[in-house]
Amino acid sequence: MRRILISSFLLASTAYSAVAADLPSVKAAPVYVPPAPVFTWTGFYLGVYGGGVFGTTHVTGPAFVPGVSNAYNQNPTGGAVGGLVGYNFQFNPNWVIGLEGEGGWQGFTATNTFVSAANGLPFTQQVTTDYSARIRGRLGYAFADRALLFVAGGVSFSDIGVQLNNLIGSTTKVTQGLVGWNIGGGLDYAFTPNWIGRIEYIYDDYGSTNYGFIAKSGNVFDDRSATFQSSTVRGAIIYKFGAPAAVPVVAKY
Numbered sequence: 032m033r034r035i036l037i038s039s040f041l042l043a044s045t046a047y048s049a050v051a052a053d054l055p056s057v058k059a060a061p062v063y064v065p066p067a068p069v070f071t072w073t074g075f076y077l078g079v080y081g082g083g084v085f086g087t088t089h090v091t092g093p094a095f096v097p098g099v100s101n102a103y104n105q106n107p108t109g110g111a112v113g114g115l116v117g118y119n120f121q122f123n124p125n126w127v128i129g130l131e132g133e134g135g136w137q138g139f140t141a142t143n144t145f146v147s148a149a150n151g152l153p154f155t156q157q158v159t160t161d162y163s164a165r166i167r168g169r170l171g172y173a174f175a176d177r178a179l180l181f182v183a184g185g186v187s188f189s190d191i192g193v194q195l196n197n198l199i200g201s202t203t204k205v206t207q208g209l210v211g212w213n214i215g216g217g218l219d220y221a222f223t224p225n226w227i228g229r230i231e232y233i234y235d236d237y238g239s240t241n242y243g244f245i246a247k248s249g250n251v252f253d254d255r256s257a258t259f260q261s262s263t264v265r266g267a268i269i270y271k272f273g274a275p276a277a278v279p280v281v282a283k284y
């Protein structure tokens with residue numbers, strides 16, 4: 032009898048285990064946390080910039096002192112602030128191309144003092160700028176999730192004023208609008224999906240421009256030419272419109 036009872040108990044236990052194995056689990060499914068959206072550089076953006084400008088001018092004209100060269104080099108320095116707008120497109124998958132326009136105040140001055148051969152009096156030659164603007168194409172490579180290393184280049188617009196003071200017959204400042212070219216590069220970093228910081232360097236070359244200072248008689252008595260190049264080191268704060276690219280949600284079982 033004892034053996035029959037033991038055998039029946041073992042058989043019942045085996046049958047229960049087999050049935051329990053086929054029952055659905057009552058354990059809670061793990062909570063699915065979707066990955067964060069992927070940051071993309073694609074989109075329109077606006078920003079402001081500010082920095083320092085370091086220029087080089089080379090002015091040639093009449094030799095006011097006999098035996099002294101009529102070429103004068105000057106190195107104006109100053110600052111620049113302004114705004115920018117642009118659009119980036121990211122592809123393949125880390126390359127970024129874009130187009131950017133900008134403009135603002137650019138002010139620097141350099142002054143040299145010379146002695147006039149005509150009357151022995153000193154006079155000054157001063158060069159100044161008032162603004163700068165650029166249209167640039169951009170090519171960048173995205174890395175480290177939210178960093179973009181880029182090069183940029185295009186067309187530059189500015190002005191350069193040349194003024195002669197204390198020279199007989201003329202104290203006039205002559206300002207010419209300039210069109211040149213630029214090249215540079217820098218680093219963009221997205222601190223958030225919309226806010227971007229930038230540091231960059233830009234070289235501008237405006238070639239040579241002619242100036243004619245008019246005497247009281249109305250005759251051009253002092254023809255001069257000036258070349259103008261500048262280097263700009265600056266930072267920018269940029270706001271990019273739009274949200275990061277969404278990540279497709281895949282069902283988890």
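For what it's worth, the numbering used here labels the leading residue of the sequence shown as 32, then goes sequentially. Glycine included, C-beta positions come from ideal geometry on N, C-alpha and C.
Alpha-carbon to alpha-carbon, residue j and residue i
{"i": "residue 286", "j": "residue 236", "result": "Outside the displayed range of the chain (32 to 284) lies residue 286, so it cannot be described from this structure."}
{"i": "residue 113", "j": "residue 61", "result": "52 Å"}
{"i": "residue 118", "j": "residue 170", "result": "12 Å"}
{"i": "residue 70", "j": "residue 185", "result": "28 Å"}
{"i": "residue 144", "j": "residue 91", "result": "14 Å"}
{"i": "residue 72", "j": "residue 127", "result": "7 Å"}
{"i": "residue 225", "j": "residue 242", "result": "47 Å"}
{"i": "residue 256", "j": "residue 240", "result": "5 Å"}
{"i": "residue 191", "j": "residue 122", "result": "40 Å"}
{"i": "residue 207", "j": "residue 216", "result": "28 Å"}
Residue(s) in a DSSP beta bridge with residue i
{"i": "residue 111", "result": "82 and 137"}
{"i": "residue 106", "result": "For residue 106, which the question treats as bridged, DSSP gives no partner whatsoever."}
{"i": "residue 258", "result": "89 and 239"}
{"i": "residue 212", "result": "186 and 236"}
{"i": "residue 178", "result": "174 and 220"}
{"i": "residue 266", "result": "81 and 230"}
{"i": "residue 2", "result": "Summary: the structure shown does not reach residue 2, with the chain confined to residues 32 through 284, and so no result is reported for it."}
{"i": "residue 164", "result": "134 and 188"}
{"i": "residue 196", "result": "155"}
{"i": "residue 119", "result": "74 and 129"}
Where residue i falls, given that 16 or more other Cβ within 10 Å makes a residue buried
{"i": "residue 142", "result": "exposed"}
{"i": "residue 175", "result": "exposed"}
{"i": "residue 3", "result": "Outside the shown range of the chain (32 to 284) lies residue 3, about which nothing can therefore be said."}
{"i": "residue 158", "result": "buried"}
{"i": "residue 210", "result": "exposed"}
Self-check item: the region 176-185 in contact with the region 74-90 per 3-pair CB rule at 8 Å
Solution: Taking a contact to require three or more Cβ pairs closer than 8 Å, the region 176-185 and the region 74-90 do not qualify as touching.
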